[in-house]
Amino acid sequence: AQSVTQPDIHITVSEGASLELRCNYSYGATPYLFWYVQSPGQGLQLLLKYFSGDTLVQGIKGFEAEFKRSQSSFNLRKPSVHWSDAAEYFCAVGAGGTYKYIFGTGTRLKVLA
Amino acid sequence: GAGVSQSPRYKVAKRGQDVALRCDPISGHVSLFWYQQALGQGPEFLTYFQNEAQLDKSGLPSDRFFAERPEGSVSTLKIQRTQQEDSAVYLCASSLVAGTGDSPLHFGNGTRLTVT
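Keeping their order, the protein sequence lines are chains Z and A. 1 is the number of the first residue of the first sequence in the numbering used here; add one for each residue after it. 114 is the number of the first residue of the second sequence in the numbering used here; add one for each residue after it.
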């Protein structure tokens with residue numbers, strides 16, 4: 001069965017510092033992988049997605065993520081965090097050929113001025 | 114509208130009351146999903162529609178939960194005889210194509226249900 005693990009519940013970084021949010025998945029084949037961001041009181045917004053091809057994918061707002069099959073990981077990164085990046089981040093996996101999307105429990109990012 | 118619209122944004126219900134939550138997906142989107150998001154958790158799948166057909170309702174917690182999408186556009190999630198454990202944010206999402214696992218979801222802002 002598919003599963004998604006986000007090991008870090010909370011992360012705090014200083015504005016301007018780099019960021020890496022971890023995501024590990026469990027799925028038998030090559031999954032479809034997504035990162036979503038949720039600001040307070042808002043729905044989820046897609047940051048980026050990986051289906052195939054280049055394992056480093058670029059997204060909106062300066063985010064990128066790298067798919068590492070050997071580690072079953074899809075970590076989200078940003079070189080320099082802005083105060084507006086404070087939000088909750090969800091990793092999700094979609095199983096090919098089905099409509100099933102499984103979400104992780106989220107990582108809440110706090111940004112210090 | 115340009116995005117997925119949900120109403121109401123907030124709903125307070127007394128235990129035992131029935132509630133109806135509405136979702137207006139992006140026009141032309143084939144797939145519609147309902148998710149339940151408990152406090153501090155990720156979204157949990159409730160049900161999936163492909164046009165007007167409800168193809169999967171395996172995530173509905175009990176028979177008090179019912180969803181419909183009669184004309185393949187607007188969807189309503191109904192909860193009968195609400196219980197405190199039903200308190201959560203209910204998210205609606207749509208996607209352009211029939212669900213294949215690779216179509217990004219477009220989420221509404223959710224309805225926060227509080228059962229007192």
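Glycine included, every Cβ here is placed at the ideal spot set by N, Cα and C.
Counting only Cβ-Cβ distances below 7 Å, Y203(A) has no contacts in chain Z at all, with the closest Cβ about 11 Å away. Taking all protein chains shown into account, R69(Z) has fewer than 16 neighbouring C-beta atoms within 10 Å of its C-beta and is therefore exposed. Listed along chain Z are G43, each with a C-beta nearer than 9 Å to that of G221(A). The C-beta of Q149(A) comes no closer than 7 Å to any C-beta of chain Z. Annotation: L152(A) to A113(Z) spans about 26 Å, alpha carbon to alpha carbon. Against chain Z, a Cβ distance below 8 Å from P217(A) picks out F34, L46 and K49. Under DSSP, N75(Z) shares a beta bridge with E66(Z). Distance from the Cα of G141(A) is smallest, within the candidate group A166(A), V210(A) and Y123(A), for V210(A).
Within chain Z, the C-beta atoms nearer than 8 Å to that of P156(A) come from L44, F90 and F103, in chain order. The bridge partners DSSP lists for R108(Z) are H10(Z) and E88(Z). L109(Z) sits away from I9(Z), with the two beta carbons spaced by 7 Å or more. The beta carbon of G59(Z) does not come within 7 Å of any beta carbon belonging to chain A, so the residue lies off that interface.
In this structure, the alpha-carbon of R22(Z) lies about 13 Å from that of L33(Z). In its own chain, leaving out the 5 sequence neighbours on each side, no residue places its CB closer than 7 Å to the CB of G155(A).
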